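**Student:** In the numbering used here, the protein residues as written are 5 to 251. Virtual Cβ for every residue (Gly too), placed ideally from N, Cα, C. Since this is a predicted model, take the numbers as computed values, not measurements. Quick one: this structure, given as C-alpha cells, is what I'll be asking you about.
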C-alpha cells in the first residue's frame, strides 16, 4: 500500500458539504488528513461524514463537522479558537465557500446581495486568514489555498459583486503571501475553471454538465498545494481541462 500523501495533516475546508469543497474534503481524507469540514447545512455535512467513514482507516474521528455561517465573522474567530484548543495548529486551510449572487447590471444590483457576496467571497476569507494565521504558523508547513475564478481578470459585465469579490480575493491573497515570505506558510490561489457545481449551474443554466469537469477531476491540484514540500507561494494556478498554468 502506498503511503498517504497527507497522513497526519490537519486540514480545514469551507463549503465542504457540496461541490468542490466536498470533493476536496473526501480527497484529503482519502490521503490520510484529519479534515475539519465547514458548511452551513448540517445535513450535507453528515452525508459527507458518512462518505469519509466509508474510506476506512483506524481513526473514527477522521472528520470534524462544523456548521457555520461564514458571514458571521465572530463565529470564524470562535472556530479558530476551537481548532487551537483541540489541535494546537492547522496544516492546511482551504477557503472554498462562495456564492454567485445575481447576474445583473451594477446599477440594478440589490445592496443586500452585494453585501452577501462581498461578505462571503471576500471578507470571510480574510477573516479566515486572520483567525487561522497563528495556527498555520504553528504548523511545520502551513498551507492555505483559496478558490477564485477567471472573472477576477478582465471585464465581465453583469457579474458585478462576484467579479469584484474574486478580484479582491486574489489581491488579498497575494498581499498575504508576500507577508509570509520569511515563514513556513505558503498561500496560493486556484481558479478551477469550468466545474460542474451549483454555482456553475446558476451562472450557466443551459450548459451541458457532461461538457465540463467534475469536482473530483481537480482535487489533485489541491493535494499538491497542501503538501509540506510545496514551494509555491502567492501564485494563481488556473485549471482548464487537462492543463493548468500559473499566472
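Can you list the beta strand (DSSP E) stretches of 3 or more residues lying completely in the segment 57-112, in chain order?
**Tutor:** 67-71 and 96-99
**Student:** Going along the chain, which unbroken runs of the alpha helix (DSSP H) with 4 or more residues stay wholly within the segment 118-149?
**Tutor:** 128-142
**Student:** Starting from residue 18, follow its DSSP beta bridges and name the residues at the other end.
**Tutor:** 42
**Student:** Do three or more CB pairs link the segment 46-54 to the segment 92-102 at distances below 8 angstroms?
**Tutor:** No, they do not touch.
**Student:** Would you call the segment 6-13 in contact with the segment 202-222, where contact means no fewer than 3 C-beta pairs closer than 8 angstroms?
**Tutor:** no
**Student:** Per the DSSP calculation, residue 26 is bridged to which residue(s)?
**Tutor:** According to DSSP, which records beta bridges pairwise, residue 26 is partnered with nothing at all.
**Student:** For residue 217 and residue 200, which I take to be in contact (beta-carbon distance under 8 angstroms), what is that distance rounded to the nearest angstrom?
**Tutor:** 7 angstroms
**Student:** Apart from the five residues just before and just after residue 153, which ones in its own chain have a Cβ nearer than 7 angstroms to its Cβ?
**Tutor:** 170 and 195
**Student:** Measure how close the beta-carbons of residue 71 and residue 141 come, nearest whole angstrom, since I'm counting them as under 8 angstroms.
**Tutor:** Their Cβ separation, rounded to whole angstroms, is 27 angstroms, which puts residue 71 and residue 141 out of contact at 8 angstroms.
**Student:** Taking 8 angstroms as the cut-off, decide whether the C-beta atoms of residue 24 and residue 219 are in contact.
**Tutor:** yes
**Student:** Does DSSP put residue 151 in a helix, in a strand, or in coil?
**Tutor:** strand
**Student:** Taking residue 194 as part of the alpha helix (DSSP H), name the residues at either end of that continuous run.
**Tutor:** Going by DSSP, residue 194 is part of no alpha helix (DSSP H) but of the beta strand (DSSP E) stretching over 190-195.
**Student:** Decide if residue 175 is buried, meaning its Cβ has at least 16 other Cβ atoms within 10 Å, or exposed.
**Tutor:** exposed
**Student:** If residue 86 and residue 33 are in contact, beta carbons under 8 angstroms, what's the gap, nearest whole angstrom?
**Tutor:** Between residue 33 and residue 86 the Cβ distance is about 20 angstroms, and since that is not below 8 angstroms, they are no contact.
**Student:** Could you spell out where the beta strand (DSSP E) holding residue 243 opens and where it closes?
**Tutor:** Residue 243: member of the beta strand (DSSP E) spanning 240-244, first to last residue.
**Student:** Grab the span of the alpha helix (DSSP H) containing residue 215 for me, first residue to last.
**Tutor:** It is not in any alpha helix (DSSP H) - residue 215 carries neither H nor E in the DSSP assignment.
**Student:** Sorted by chain position, which residues of the same chain lie with C-beta nearer than 6 angstroms to residue 156's C-beta, five sequence neighbours on each side aside?
**Tutor:** 170, 171 and 174
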